[in-house]
Each structure stands twice: as structure tokens, then as C-alpha cells.
Amino acid sequence: MSTSKTTFKEFYHAVVDSGQCCGCGSCVAVCPLSALSYLYDETLPVLVGKCTDCGVCFKACPRYNFNAEEVEKMLFNRIRGEGEAFGVYQNILAARSRLPDVLKVCQDGGLVSSLLIWALENKVIDAAVVAGFNPERWDAKPIFVRTRDEVLASAGTRYTYSPNNLLLREAGANNIKVAFVGTGCEVEAVRKMQYNKLRKSVGTVVFTIGLMCHESYTVSGLIDKKVRGELGIEPNQISKMNIKGKIIIETKDGRVAEIGLRDARQYVRKGCFYCGDFSAEFADISAGGAGAQGWTISVVRTELGKSVLESAEKSGYVEVEPIAKHKTSYDTVVKLSSIQRNRRAKALSGGLNI
Ligand SMILES: Cc1cc2nc3c(=O)[nH]c(=O)nc-3n(C[C@H](O)[C@H](O)[C@H](O)COP(=O)(O)OP(=O)(O)OC[C@H]3O[C@@H](n4cnc5c(N)ncnc54)[C@H](O)[C@@H]3O)c2cc1C
Ligand code: SF4
Ligand code: SF4
Ligand code: SF4
């Protein structure tokens with residue numbers, strides 16, 4: 000993942016101007032001069048201060064010279080085999096929370112929130128980095144959660160973007176041991192920082208949970224224009240948003256509205272078209288709905304991920320079921336991983352209408 004002799008201008012041109020930036024915010028978090036700021040509406044970084052071309056931000060960026068094989072060797076001591084369609088893993092299964100308060104608010108089976116609660120209550124971590132939720136606009140900003148109530152308040156999925164990596168600098172600077180929750184692109188950035196030994200930012204990350212993700216949307220497009228403008232639904236009236244072949248919006252007064260994925264495509268963030276990582280292939284544990292009802296499809300990748308899940312299961316926080324009972328979901332993970340990889344290749348070759 001060599002970055003020698005590149006200037007910031009060249010880097011910014013190659014990643015941001017080209018449309019490939021995923022908006023993770025890692026460059027902003029690691030810049031030693033605080034020369035970068037984050038534009039939430041555009042989900043992009045911008046230069047606001049003096050840059051010395053030190054190159055630290057390139058070392059964090061998942062869209063700049065990201066070398067999957069080197070990261071795999073670091074994480075798994077091997078690269079993926081031919082048949083591993085969704086990255087290196089030890090096990091794939093379905094998991095569901097045993098905590099009634101989690102089941103009331105979670106997106107799928109509540110695995111993510113349950114693991115965070117287990118880790119907090121057992122003092123494995125001081126806090127978790129998650130997507131804070133603003134019900135007034137259904138947008139998301141990264142926050143630290145330190146208690147069960149805070150985990151519950153930030154459960155569920157926002158299909159807009161939350162640049163969770165922005166908080167890594169604060170975690171490192173204050174020696175806060177964290178579990179990191181993020182989409183695949185965000186976990187890729189964490190791994191690149193670990194590979195490049197940017198310890199001030201990732202030195203206190205204890206484990207990572209990656210969220211499977213095909214795309215995410217702009218707040219101005221999906222929420223302001225489509226949901227509020229066209230469908231006439233005030234964001235604070237939404238009780239749940241889910242994607243199961245289409246975007247399904249449930250309101251507090253029992254209404255259900257649907258948006259076709261073809262229609263929603265105009266609101267997809269540009270950087271997502273360059274994403275080849277559906278299943279968060281570099282997380283300790285990946286979590287997704289993958290069409291399952293009430294279960295989180297969970298890919299256990301590292302020894303660390305295995306031990307976190309097994310401990311939470313033994314302590315009664317979660318239950319698990321073999322993937323054989325969720326064959327369609329398994330097929331979905333395989334299929335979407337391939338579609339996403341091909342979409343990235345097409346976008347990079349200029350063959351995709353973005
Ligand atoms: C943008 C996005 C797109 C997704 N697309 C798919 C998909 O196409 N197919 C699929 O199978 N699964 C997808 N998922 C994953 C799925 O929606 C669930 O997050 C996952 O199944 C875990 O469910 P759970 O009940 O275990 O999580 P919960 O217990 O509900 O916890 C969810 C956690 O995710 C965090 N979070 C919420 N929104 C965001 C965000 N925007 N960025 C970062 N963290 C966030 C919350 O703060 C919380 O900690 C997507 C997730 C996101 C964020
Ligand atoms: S090159 Fe260095 S100083 Fe310039 S923006 Fe990146 S990290 Fe900051
Ligand atoms: S992908 Fe992330 S690290 Fe790279 S330029 Fe965009 S926000 Fe910065
Ligand atoms: S599709 Fe990829 S780039 Fe877009 S939010 Fe999901 S993981 Fe990140």
C-alpha cells in the first residue's frame with residue numbers, strides 16, 4: 000500500500016474528484032494538522048487548513064491503494080481461497096438477540112446491539128462507535144455509546160451515511176477502548192489504518208462489527224426529496240425503514256410506503272458505485288439481513304470475532320442457528336457479493352452510468 004511521493008492534491012483528485020470517495024472520514028480523523036473538515040451533506044472531506052503533504056491521510060484511505068491481500072494476510076494469515084465468494088471466514092450462521100429490549104428496536108435479529116451490550120456489561124470495551132440517530136431528519140452522525148440505553152437508542156439501520164471513522168481520533172486520544180460498528184468501507188479504513196500502524200487512531204479498537212451493505216443514500220435525496228417531498232411522510236413519523244428487494248417505510252400511524260430500488264438509484268451516493276465489498280469482508284464479524292426475517296445473518300471471520308460471539312452466546316445474550324436453516328440468505332450473500340464486485344469493476348472501467 001505504497002503512498003510515496005504522492006501530493007495531497009493528487010490524492011484528492013484520484014479519490015474525491017473522481018467520485019470514488021466513500022465518505023468514511025478517516026482522512027479527517029488522522030490528519031495531524033487538522034487540515035481537513037467533513038461535509039456531512041455531501042459525505043465528503045474538504046481541505047480547510049494548511050497541508051504539508053505529509054501523506055498520513057493516504058495511509059488511512061480505503062479508496063486509495065487498498066491492498067486486500069495484504070490486509071487478509073494481516074488479519075487471517077492467508078488470502079481468500081477460490082471458493083470464498085464473500086471473503087475469508089470461519090463460519091456463517093444466523094443469530095438472534097435473547098434480550099427483549101433489543102428485539103423491540105433492532106433492525107434484523109439484534110445481533111449487533113446484543114454484542115455491544117455484552118461487551119459493555121462485561122467491561123471488554125469502554126464504549127462503542129455507532130451511528131447516532133436523528134429522528135427529525137432520519138440522518139445519522141457517529142457517536143460513542145457507553146450504556147445499554149444508549150445502545151438501544153442507536154439500534155436499527157439508517158440507510159443514509161454515518162462517517163463513524165471520524166470518532167477514531169477521539170477514541171485513540173482519550174484511550175477509549177471501543178468496539179467499532181460500520182459498513183464495509185468503514186471497516187476497510189480501520190484495517191488500512193491498522194496495517195499502516197496509525198495507532199493514535201486505531202490503537203484502542205478492540206473488535207469490529209461490519210454491516211453488510213449494497214449502497215447508501217444521500218439525506219437530501221432519499222429523505223428530503225423522496226420521503227418528505229414526494230411521499231409526504233415527515234421523517235419523525237417513520238417507525239422503521241428496511242430494504243427487502245425495495246425500500247419499505249413503516250409509519251407510526253400504521254401506513255406502509257414503498258420505494259422501488261430502481262427509482263431510489265438516483266439518490267445513491269456516488270462512492271457506493273465504486274464499492275466491491277457487500278459483506279464487510281474485513282470485519283471480525285459481519286452482520287446483515289440478507290432476506291432473513293428476524294435473524295441477523297452473521298459471518299464470523301477472525302478468532303476474535305468467534306470468541307466475542309461465543310462468549311455472548313454462552314452468557315445468554317444471543318442465540319444462534321445453523322445457516323442451513325437460512326439457505327436463501329446464504330445464497331443472497333453469495334449473489335450480492337458477486338454483483339457488488341462486478342459493479343465496482345464496471346464503475347472503474349467507466350462502463351457504469353453514474
Ligand atoms: C447503509 C446500510 C445499508 C445496508 N444494506 C444492507 C443490505 O443491502 N443487505 C443486508 O443484508 N444488510 C444490509 N445492512 C445491514 C442491516 O441493515 C443491519 O444493520 C444488520 O443486519 C444488523 O442488524 P441487527 O439487528 O443485528 O443490528 P442492530 O442491533 O439493529 O444494530 C445496528 C447497528 O448499526 C448501526 N448503524 C445504523 N445505521 C448505520 C449507518 N448508516 N452506518 C453505520 N452504522 C449504522 C447502529 O448504530 C447500530 O449499532 C445495511 C446497513 C446499513 C447501515
Ligand atoms: S497530507 Fe498530511 S497534512 Fe495534508 S491533509 Fe493529509 S494528513 Fe493532513
Ligand atoms: S474514502 Fe474516506 S479516507 Fe478516503 S478521501 Fe474519502 S473520506 Fe477520506
Ligand atoms: S455500498 Fe460500500 S461504500 Fe457505500 S456505504 Fe455501503 S459499504 Fe460503504
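Going by numbering that gives the first Met the number 0, the sequence shown opens with residue 0, and the numbers climb by one from there. Just so it is clear, CB atoms sit at the ideal spot from N, CA and C, and this is done for glycine as well. Small disclaimer: the values here were computed from a predicted structure and weren't measured.
Inter-residue distance for Lys326 and Gly288 is about 13 Å (C-alpha atoms, whole angstroms).
Shown here, Arg95 sits in a strand according to DSSP, grouped into three states. Just measuring C-alpha positions, the residue of Arg168, Val180, Val267 and Lys199 sitting nearest Tyr216 is Val267. Membership of Ser337 in the alpha helix (DSSP H) is indicated by the continuous run Lys326 to Leu347. Per DSSP, reduced to three states, the secondary structure at Val15 is helical. Per DSSP, the beta-bridge partners of Pro321 are Leu92. Taking C-alpha positions only, Tyr316 is separated from Ala291 by approximately 20 Å. Under DSSP, the beta-bridge partners assigned to Pro44 are Tyr37. Apart from the 5 residues on each side of it in sequence, Leu351 sits with its Cβ closer than 8 Å to the Cβ of Phe272, Arg342 and Lys345 in its chain, given in chain order. Of the candidates Val129, Gln19 and Arg340, Gln19 places its Cα closest to the Cα of Asn64. Taking a cut-off of 8 Å for Cβ pairs, the stretch 303-320 and the stretch 107-122 touch, as three or more such pairs fall below it.
Under the three-pair Cβ rule at 8 Å, the stretch 190-200 does not count as touching the stretch 212-230. The beta carbon of Val332 is closer than 6 Å to those of Phe85, Ser278 and Ala289 in its chain, skipping five residues each way along the sequence. In terms of side-chain proximity, the C-beta atom of Thr182 is found nearer than 6 Å to a non-hydrogen atom of ligand 4.
If you check the CB distance, Lys49 and Ala59 do not come in under 7 Å.
Taken atom to atom, the span from the alpha-carbon of Asp138 to that of Thr159 is near 6 Å.
Asn121 and Lys176 have their C-alpha atoms some 13 Å from each other. According to DSSP, Met73 shares a beta bridge with no other residue.
Between Ala286 and Leu335, the gap from beta carbon to beta carbon reaches 7 Å or more. Checking the 6 Å criterion, the Cβ of Thr250 is out of range of every heavy atom belonging to ligand 2. Closest by C-alpha distance to Ile116, out of Arg95, Val150, Arg77 and Gln265, is Val150. Between Arg62 and Cys30, the C-beta gap is not smaller than 7 Å, which leaves the two residues out of contact.
Lys245 is a Cβ neighbour of Gly259, given a cutoff of 7 Å. With a beta-carbon spacing of about 19 Å, Lys239 and Glu229 fall beyond the 8 Å limit used to define contacts.
In this structure, Asp16 has its beta carbon at no less than 6 Å from each heavy atom of ligand 2.
The stretch 257-325 contains, as complete alpha helix (DSSP H) runs of 4+ residues, the segments 260-263 and 302-313 (chain order). With a beta-carbon spacing of about 17 Å, Tyr11 and Pro162 fall beyond the 8 Å limit used to define contacts. Counting only residues of its own chain and dropping the five nearest sequence neighbours on each side, Gly275 has a CB closer than 6 Å to the CB of Gln339, Arg340 and Arg343.
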